[in-house]
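I have placed the structure first, in the form of structure tokens, so that the comments after it can refer back to it.
Chains as they are written, first to last, in this note's numbering: chain D, -4 to 189; chain S, 2 to 154.
And the structure:
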């Protein structure tokens, strides 16, 4: 099911890549036109959060989980650095981390996790059905991997980070290795362009 | 009583030990050196236990024989596992690794996004400035203690 949506997104991106002007000034992949996404309701450490709560801001949407000690901190650290580089313009941007491990990541646990990177970051959890609705809406693949690890299970997940425009539509995609400098430059461009 | 016999036996044992020591420190042994060991902070709150941490290092083998890293232990976490992060077509996967070869004259790097130690169930929060002692285990070199500084990269 999730694999299918990942494939659908991939095909959609291939089609979209043919549209619009080339954007050498952007490091990420711009979706033109932006891809409409469903509004969602998830739960932060401070209560329910809807995507539309951030209308008027750019939303940086990352997926990960607190029991991911290597890759997820890399993404969160890069986003924190990018926000630092943006300076006051960072007020126009909200970073959200949606868990792909709703079973272990309570809103409190994920909230504590993201706040170690940046006090403005918001961690979002929910029921498995709620998480599945959001991941399929954004073409995010995730799957539990049963391994020999003493941590119980690990979670494979898409590493792409999505920037939503001020209306909440998917606008720009960053692959895993995007640097903080590249992210800050893209955000600066998108803030000024909208 | 056989005093002369005992002396000869002792001399023989001494020479035997000397030759063994010479062989052990000879050219065909691994000679490991660790550089830049560090671990990620793992902070909890009053109501939330800290998440797992990860530890990284560079492992040089200046010797002329290979060695194999088998794993590590630390008082700072219940379990330490050797893992590898792999990006596969836009999907990140993390998998346990049984061991890691350290070739003669070579370097193995445990770094973000690749090989790393996962510290599961940390005993206490790990804050920047703390130090984690890792007891590495090798097939040839046995045990080796390493001090990993807790910091953000």
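Here a beta-carbon is modelled for each residue, glycine too, at the ideal position from N, C-alpha and C. Predicted, not measured: the structure shown is a model, and the values here were computed from it.
Item                                                                                                                                  : Value
Interface positions of the region 91 to 108 of chain S facing chain D (Cβ-Cβ less than 8 angstroms), listed along the chain           : 91, 92, 93, 94, 95, 96 and 97
Contact list for residue 55/S against chain D, beta-carbon separation under 7 angstroms                                               : 64 and 65
Three-state class that DSSP yields for residue 3/D in the structure shown                                                             : Residue confidence for residue 3/D is low, a pLDDT of 48 falling below 50, so the modelled location carries little weight; the figure read from the coordinates is stated next. Residue state, collapsed to three classes: helix.
Residue 60/D Cβ short of 6 angstroms to the ligand NAD heavy atom set                                                                 : Among the components modelled here there is no ligand, and therefore nothing to report on the ligand NAD.
Contact set between the region 32 to 52 of chain S and chain D, restricted to residues whose Cβ is under 9 angstroms from the partner : 41, 42, 43, 44, 45, 46, 48, 49, 50, 51 and 52
C-beta neighbour in chain D for residue 59/S, strict 7 angstroms                                                                      : no
Sequence-distant residues of its chain with Cβ nearer than 6 angstroms to residue 2/D (five each side left out)                       : Here the model assigns residue 2/D a pLDDT of 44, short of 50, so the residue's position is not dependable and the matter cannot be decided.
Through-space distance from residue 95/S to residue 143/D, alpha-carbon basis                                                         : 12 angstroms
Contact set between residue 72/S and chain D, taken where Cβ atoms lie within less than 8 angstroms                                   : Within 8 angstroms Cβ-Cβ: nothing; residue 72/S doesn't reach chain D, min ~12 angstroms.
Runs of beta strand (DSSP E) wholly within the region 44 to 128 of chain S (minimum 3 residues, chain order)                          : 54 to 62, 68 to 74, 78 to 89, 92 to 97, 101 to 103, 108 to 111 and 116 to 123
Three-state secondary structure assigned by DSSP to residue 162/D                                                                     : coil
Sequence-distant residues of its chain with Cβ nearer than 7 angstroms to residue 72/D (five each side left out)                      : 112
Amino acids of chain S, ordered along the chain, whose beta-carbon sits closer than 9 angstroms to that of residue 77/D               : Near residue 77/D there are no residues of chain S at all, since even the closest Cβ is about 15 angstroms away, more than 9 angstroms.
Partners in chain S for residue 144/D, counting only beta-carbon separations shorter than 7 angstroms                                 : 82 and 97
Contacts of residue 153/S in chain D (Cβ-Cβ under 7 angstroms)                                                                        : 72
DSSP beta-bridge partners of residue 117/D                                                                                            : 91/D
Test item: CB-CB of residue 25/D and residue 159/D under 7 angstroms                                                                  : no
Under 7 angstroms (Cβ pairs) to chain S, residues found in the region 88 to 104 of chain D                                            : 103 and 104
Rounded C-alpha distance that separates residue 136/D from residue 54/S                                                               : 24 angstroms
Residue 77/D - DSSP class collapsed to helix/strand/coil                                                                              : helix
Residue 113/S at chain D interface by Cβ criterion, 7 angstroms                                                                       : yes
Beta-carbon spacing of residue 57/D, residue 38/D below 7 angstroms                                                                   : no
Residue-level contact to chain S via CB, residue 119/D, 7 angstroms cutoff                                                            : no
Beta-carbon neighbours of residue 155/D, restricted to chain S and to distances below 8 angstroms                                     : 91
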